[in-house]
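Engineer:
Residue numbers (my numbering): 17 to 176.
#1: On the premise that residue 71 lies in contact with residue 62, defined as a C-beta separation below 8 Å, what is that separation, rounded to the nearest angstrom?
#2: My guess is that residue 75 and residue 57 are in contact by the Cβ rule of under 8 Å, so how many angstroms apart are they, rounded?
#3: Are the CB atoms of residue 102 and residue 84 nearer to each other than 9 Å?
#4: Buried or exposed: where does residue 104 fall if 16 or more other Cβ atoms within 10 Å of its Cβ makes it buried?
#5: State the Cα-Cα distance for the pair residue 169 and residue 161, rounded to the nearest angstrom.
#6: Grouping DSSP H, G and I as helix and E and B as strand, with all else coil, what is residue 20?
#7: Grab the span of the beta strand (DSSP E) containing residue 79 for me, first residue to last.
#8: Express the C-alpha separation of residue 91 and residue 111 in angstroms, rounding to a whole number.
#9: Inspect the beta-carbon positions of residue 98 and residue 119 and report whether they are closer than 9 Å.
#10: Do you know how far the Cα of residue 140 is from the Cα of residue 172?
Here is the structure:
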């Protein structure tokens with residue numbers, strides 16, 4: 017919990033009605049790219065076992081869930097399970113302080129689109145079908161299409 021607080025990551029404890037069943041602690045929101053879970057696995061398994069004395073009650077299970085977006089998915093697909101612990105500062109701390117692992121810190125961020133790329137995307141979404149229709153009307157001839165566009169916006173005429 018201290019790691020979550022110091023990194024301003026929200027935590028949530030899900031506790032069953034019967035504490036002997038074991039609780040689950042989450043760090044990170046369900047919609048964030050990185051989320052951590054800690055299960056009291058020993059308690060859960062003891063409640064299911066024929067002979068609970070054979071199961072250690074202090075058995076914990078840790079998971080880090082990493083759901084990258086856009087082009088970061090390609091890099092994430094090549095990460096080992098151990099490397100995933102390095103995808104955020106706070107999961108790296110959990111790995112190092114919680115169980116002595118030493119994963120390398122990784123910077124896994126999607127490449128941001130440039131202003132030009134964002135404008136092109138908006139233009140394609142808004143006018144793509146209209147432009148495709150113009151191309152069909154021009155017989156898919158790029159020069160005829162460009163001439164029609166120049167004429168439509170008044171570029172290249174005597175009054176521009």
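Yeah, the Cβ is synthetic: ideal placement off N, Cα and C, and Gly gets one too.
Please read these numbers as outputs of a predicted model, since none were measured by experiment.
Structural biologist: According to the data block:
#1: 5 Å
#2: 5 Å
#3: no
#4: buried
#5: 12 Å
#6: helix
#7: 77-82
#8: Residue 111 and residue 91: Cα-Cα distance of roughly 20 Å.
#9: yes
#10: 24 Å
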